[in-house]
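Report on one structure; see the data block that follows.
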Amino acid sequence: MNEQAQYQLTIKAYDKLGSLERILRVIRHRGGHIQSMQMQTIENNALTLTLILTTERPLSTLQNQVAKLEDVIAVE
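Counting in the working numbering, the sequence shown runs from 1 upward without gaps.
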């Protein structure tokens, strides 16, 4: 079994109906396992989502897939 690396991922997105669910679905489908999650609404109808997650796959793959979502502003 491959060893899973732990990462912190910060996502800024528009706070629209279903945007959080779409982000979490992409993370799950790309092999990410969320250890902890913090979400807060910020100015201009946006949200910041900070995740601690583990994955066996390269983090860049997950970041690229999340960044493609229509509601996502930035992924760090």
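Idealized CB from N, CA, C, for every residue including glycine.
Just tell me which of the options has its CA closest to the CA of residue i.
i: A5; options: I73, N44, G32; result: G32
i: I76; options: R22, Y7, I11; result: Note that residue 76 corresponds to Glu in the displayed sequence, not to Ile. Out of R22, Y7, I11, I11 has the C-alpha closest to the C-alpha of E76.
i: I42; options: A67, R57, K16; result: K16
Can you look up residue i in the DSSP assignment and give me helix, strand or coil?
i: L20; result: helix
i: Q38; result: strand
i: Q63; result: helix
Expressed to the nearest angstrom, what Euclidean distance is found between the alpha-carbon atoms of residue i and residue j?
i: N45; j: A74; result: 14 Å
i: Q38; j: R30; result: 20 Å
i: Q40; j: E3; result: 31 Å
i: I27; j: G18; result: 15 Å
Could you tell me how far apart the beta carbons of residue i and residue j are, in whole angstroms, since I believe they sit closer than 8 Å?
i: A13; j: L62; result: In fact, because the Cβ distance is near 15 Å, the residues do not count as touching under 8 Å.
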